[in-house]
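Peer 1: Have a look at this one before I ask anything.
Number of protein chains: 4
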Amino acid sequence: MPKVTTREKASRTQLALRQALLELLEEKPFEQIKVKELTTRAGVGYATFFRRYSDKDHLLSDLATNEIDKLLTMTLPLLYTVDTLASTQALCAYVWEHRRVWKVLLNGGAAASLKEAYLHRALALAREQPSPKAWLPEELAVTFAVTAIIEMQAWWLKQPDPLPVKEMAVITNRLAVLPIYPASDEQDATH
Amino acid sequence: MPKVTTREKASRTQLALRQALLELLEEKPFEQIKVKELTTRAGVGYATFFRRYSDKDHLLSDLATNEIDKLLTMTLPLLYTVDTLASTQALCAYVWEHRRVWKVLLNGGAAASLKEAYLHRALALAREQPSPKAWLPEELAVTFAVTAIIEMQAWWLKQPDPLPVKEMAVITNRLAVLPIYPASDEQDATH
Amino acid sequence: MPKVTTREKASRTQLALRQALLELLEEKPFEQIKVKELTTRAGVGYATFFRRYSDKDHLLSDLATNEIDKLLTMTLPLLYTVDTLASTQALCAYVWEHRRVWKVLLNGGAAASLKEAYLHRALALAREQPSPKAWLPEELAVTFAVTAIIEMQAWWLKQPDPLPVKEMAVITNRLAVLPIYPASDEQDATH
Amino acid sequence: MPKVTTREKASRTQLALRQALLELLEEKPFEQIKVKELTTRAGVGYATFFRRYSDKDHLLSDLATNEIDKLLTMTLPLLYTVDTLASTQALCAYVWEHRRVWKVLLNGGAAASLKEAYLHRALALAREQPSPKAWLPEELAVTFAVTAIIEMQAWWLKQPDPLPVKEMAVITNRLAVLPIYPASDEQDATH
DNA sequence: CTCTAATCGAGACGGTACGTCGCGTCTTACG
DNA sequence: CGTAAGACGCGACGTACCGTCTCGATTAGAG
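From first to last, the protein sequence lines stand for chains G, U, L and D. Positions 1 to 191 (this note's numbering) are the ones given, in order, by the first sequence. Positions 1 to 191 (this note's numbering) are the ones given, in order, by the second sequence. Positions 1 to 191 (this note's numbering) are the ones given, in order, by the third sequence. Positions 1 to 191 (this note's numbering) are the ones given, in order, by the fourth sequence.
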């Protein structure tokens, strides 16, 4: 009998809470989810929740932060790469692969705060690694591209009969990525 | 000498509450605003709040719905019009003119729910008046264009030194409107 | 056509409110009766109530004070008279005659405050016109006799098949009045 | 080392609330006591009050019921016993011993409802164990004796310089107990 | 017969206390 | 030791009723 039962239990608690949150987010907005519900659903004591997380929001962060960062490292390069379509396809493929969780994150009861966190994080990363697009403010470009991509992914996963990954990638690339690059025949964009 | 003092008072209450909400939204997120604060700031009795609105959210709707619909009737035609740039300029000019209130609505504490309401309303209107863009699902097009426009307007108003209306219109048009039209090799999108 | 229509109306309001209170006191305790109910039942405007009475309690006083004083002037002489039985009979006869209102006052929702007011008033009157009974403190004698009489009257009127006036008078006299007089063969009452 | 700290705390809360009520009843009528005052005085959270009692009235019952029943079991035997004076003395001695709490209960802000509860309870007990006094209805006899005793005890405890227990017992016996027995010319009631 | 003043019904309002709800802390008992 | 269970302090909520107020319609009795 292993000695890590304690650690195991701790992890189990954490997992159970995350899972419970994901399930409840499919049913109702985040703010309406009560701690009692979370712990009951997770089969965990009420007070135990606060030993892991100081807050309901902390649990959400814990759930979302990792996923967001993973996805972000696939989103941002789009703005600096040459072969944008390939990157967009990689992004869409990744989301599709993890659609179970991303569907909830983007369309469940925490969508709003998650999108905000996403954009916030993206802007922070972009500031570290600027890539002036000349014809429009860097921050505006990032805001546009990131939010457009998120919203489109949200729409995509919400569909009862989603488009194929490849087609989604083409559309995303054309709508949200290419427009921020200077026009191929461009000299004066303000004209 | 006006005869409508009672009605006037009723309206005054409503106006005062709206105004108080706008002011408080500049200071903190919507959920953290307490009814007591609203009524105190509005110089109105606590119970009176619930005589007008069943909810804090109702007040927000009341505040936002009108503004949203006014703006939406300027946003949607973008998708069906010939001279998109002119329409975009009209849109930006309108927002600029009402930037006091829109700055709060788009960047204040109610931004998330407001953006959601906005998109929701836009999709409803679009469904009533479809305009198939053939190469991509109508709903996706609307989602993309509307959210992109909203986010860009939010960014714009948030700037300490905002771009001129005209320049903002050009960028918005190029990023969020033109891309949903058939591609340049099908028909010239930059025109 | 009389000139007192205004006064008449005022009286009508007052009567209607008293009547409404009496009716409602048959149904529920005084504290649970809302001003709105009173005015509705009386067919009178809400604000009109406060034009007549500053308070719900004022209405109750207005209703009770007269009746109490009328009854009291028949109760107190019992303590000073020779032929107590005759007085007790007069008292019982009076109560029986006005049993409609006294039933409500003594058993309805205002019974408690009414009994208290009654005793209070009786003690005040007794203090003005002392009649030392030697063998026990005057105030105690009054308290005993008055509350005993009130409670017995209350019981009497509450009965579905009340005792005859005469019998009630005999019992009341024997239980509540005679005992406070010195015993006929009395020298030392503490023995 | 006690193991019942949780239970202890629960009891402590209950005790503190009862004590707070008793104190406040010395200052003002029951209806004017606000729950907030009770909890503050008891050093207890506002909501905690409603975890114990659904109502302010429930607290009062909880406080009074025990005491009432203890006293009642000493009051009723008076009606069935041979040596009434001894019983009356026992009753008065008990009340005197607990005069701190009974002074508040009988003369404080809850006197009215307490007296009513007392009589109510007494009638219920009497119905279980009838003792026909022939010459007058049982219920009337109980109503008379019980209310007379209560009111006299209330008066007694209210005095700045109360009569001795023994004297009070003699008076109570003569005024409220003996009169319900058959008259002296049927059988000697003073014996 | 009209016009001004008083009165009424209706009901909105500021205010106060209520009883409920959920959070996050804490204490106990168990494995 | 860490956990399930759940009581507690706290504080916002939305409700209910009070007593005040203003309104517009209905008369009153003076001009």
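Virtual Cβ for every residue (Gly too), placed ideally from N, Cα, C.
Determine whether the beta carbon atoms of Thr88 (chain D) and Val177 (chain D) lie at a separation below 8 Å.
Peer 2: A contact, by the Cβ cut-off of 8 Å.
Peer 1: Roughly how far, in whole angstroms, is the beta-carbon of Phe49 (chain G) from the beta-carbon of Leu17 (chain G), given that I think they are within contact range, below 8 Å?
Peer 2: Sure, about 7 Å apart at Cβ, within 8 Å.
Peer 1: Apart from the five residues on each side of it in sequence, which residues of its chain come closer than 8 Å, Cβ to Cβ, to Glu27 (chain G)?
Peer 2: So the qualifying residues of the chain are Gly109.
Peer 1: Give every residue of the same chain whose Cβ lies closer than 8 Å to the Cβ of Ala90 (chain L), excluding the five residues on either side of it in the sequence, and list them in chain order.
Peer 2: So the list reads Met74, once near-sequence residues are dropped.
Peer 1: In chain G, what lies closer than 9 Å to Met152 (chain U) by C-beta?
Peer 2: Per Cβ cutoff of 9 Å: Leu140, Thr143, Phe144, Thr147.
Peer 1: Starting from Glu26 (chain G) and walking both ways along the alpha helix (DSSP H), at which residues does that stretch end?
Peer 2: Here Glu26 (chain G) belongs to no alpha helix (DSSP H), and DSSP marks it neither H nor E.
Peer 1: Show which residues of chain U have a CB atom less than 9 Å away from the CB atom of Ala112 (chain G).
Peer 2: Those are Ala111, Ala112, Ser113, Lys115, Glu116, listed as they occur along chain U.
Peer 1: On the premise that Leu85 (chain U) lies in contact with Ala148 (chain U), defined as a C-beta separation below 8 Å, what is that separation, rounded to the nearest angstrom?
Peer 2: That belief does not hold up - the Cβ atoms of Ala148 (chain U) and Leu85 (chain U) are roughly 16 Å apart, past 8 Å.
Peer 1: Kindly say whether Trp155 (chain G), judged by its beta-carbon, lies nearer than 8 Å to any beta-carbon of chain U.
Peer 2: Answer yes: the Cβ-Cβ gap between Trp155 (chain G) and chain U drops below 8 Å somewhere.
Peer 1: For Glu31 (chain D), return the contacting residues in chain L, with the cut-off set at a CB-CB distance below 8 Å.
Peer 2: Those within 8 Å of Glu31 (chain D) in chain L are Glu31.
Peer 1: Let me see if you follow: with CB-CB separation under 8 Å, is Ile171 (chain G) close to chain U or not?
Peer 2: Yes - at least one Cβ of chain U is within 8 Å of the one on Ile171 (chain G).
Peer 1: Give a yes or no on whether the minimum CB-CB distance between Leu22 (chain D) and chain L is below 8 Å.
Peer 2: By this cut-off, Leu22 (chain D) is not an interface position.
Peer 1: If you draw a straight line from the C-alpha of Lys158 (chain U) to the C-alpha of Ala93 (chain U), how long is it?
Peer 2: Cα to Cα, the separation comes out at about 16 Å.
Peer 1: Pick from U:Asn66, U:Gln129, U:Asp55, U:Pro29: whose alpha carbon is nearest that of Tyr204 (chain U)?
Peer 2: No answer is possible for residue 204 (chain U): it lies beyond the span of chain U, which begins at 1 and ends at 191.
Peer 1: Assuming Leu59 (chain U) and Trp155 (chain G) make a contact with CB atoms under 8 Å, what is their CB distance in whole Å?
Peer 2: Leu59 (chain U) to Trp155 (chain G), Cβ: 30 Å. No contact.
Peer 1: Less than 8 Å separating the beta-carbons of Leu106 (chain G) and Leu114 (chain G)?
Peer 2: Contact: yes.
Peer 1: Can you check the region 94-135 of chain U for any alpha helix (DSSP H) of at least 4 residues that lies completely inside it and give the ranges in chain order?
Peer 2: Fully enclosed alpha helix (DSSP H) runs of 4 or longer: 99-107, 111-128.
Peer 1: Quick one, which of U:Pro164, U:Val165, U:Leu21 has its alpha-carbon nearest Gly43 (chain U)'s?
Peer 2: For Gly43 (chain U), the nearest C-alpha among the options comes from U:Leu21.
Peer 1: For Ala145 (chain L) versus Ile171 (chain L), is the C-beta distance shorter than 8 Å?
Peer 2: The answer is no: Cβ separation not under 8 Å.
Peer 1: Does Leu136 (chain L) come within less than 8 Å of chain D when only Cβ atoms are used?
Peer 2: By this cut-off, Leu136 (chain L) is an interface position.
Peer 1: Measuring CB to CB, does Gln153 (chain U) end up less than 8 Å from Val95 (chain U)?
Peer 2: Going by C-beta atoms, Gln153 (chain U) is nearer than 8 Å to Val95 (chain U).
Peer 1: Here's a check: name, in chain order, each residue in its chain whose Cβ is nearer than 8 Å to the Cβ of Leu125 (chain L), leaving out the five neighbours to either side.
Peer 2: Excluding sequence neighbours, Leu125 (chain L) sits near Leu72, Leu76.
Peer 1: Let me see if you follow: with CB-CB separation under 8 Å, is Arg12 (chain G) close to chain U or not?
Peer 2: No - not a single Cβ of chain U is within 8 Å of the one on Arg12 (chain G).
Peer 1: Answer yes or no: does any C-beta atom of chain L fall closer than 8 Å to that of Glu26 (chain D)?
Peer 2: Output row for Glu26 (chain D): interface = no.
Peer 1: Taking the straight line between their C-alpha atoms, what separation do you get for Trp102 (chain U) and Ile150 (chain U)?
Peer 2: C-alpha separation (whole angstroms): 10 Å.
Peer 1: Between Asp188 (chain G) and chain U, is the shortest Cβ-Cβ distance under 8 Å, so that the two count as touching?
Peer 2: Note that Asp188 (chain G) scores 45 on pLDDT, short of 50, meaning its location in the model is unreliable and no value can be drawn from it.
Peer 1: Let me make sure I understand the geometry here. Which of G:Thr13, G:Pro182, G:Leu25 has the alpha-carbon closest to that of Arg100 (chain G)?
Peer 2: Among G:Thr13, G:Pro182, G:Leu25, the Cα nearest to that of Arg100 (chain G) is on G:Leu25.
Peer 1: By DSSP, does Ile68 (chain U) sit in helix, in strand, or in coil?
Peer 2: Helix at Ile68 (chain U).
Peer 1: How about Arg52 (chain D) and Thr13 (chain D): do their beta carbons lie closer than 8 Å?
Peer 2: Contact: yes.
Peer 1: Once you ignore the five residues that flank Leu175 (chain L) on each side, which residues in its own chain have a CB closer than 8 Å to its CB?
Peer 2: Only Ala148, Met152 meet the Cβ criterion.
Peer 1: Taking all protein chains shown into account, do 16 or more other C-beta atoms lie within 10 angstroms of the C-beta of Ala64 (chain U), making it buried, or fewer, making it exposed?
Peer 2: Buried is the call here.
Peer 1: Rounded to a whole number of angstroms, what is the C-alpha to C-alpha distance between Asp161 (chain G) and Asn173 (chain G)?
Peer 2: Cα-Cα distance, rounded: 21 Å.
Peer 1: With a threshold of 7 Å (Cβ to nearest heavy atom), would Ile180 (chain U) be considered close to the ligand MG?
Peer 2: Within the structure as shown, the ligand MG is missing, as the structure has no ligands at all.
Peer 1: Which runs of the alpha helix (DSSP H) spanning at least 4 residues fall entirely within the region 38-67 of chain L, listed in chain order?
Peer 2: As far as the region 38-67 of chain L is concerned, its whole alpha helix (DSSP H) runs of at least 4 residues are 46-52.
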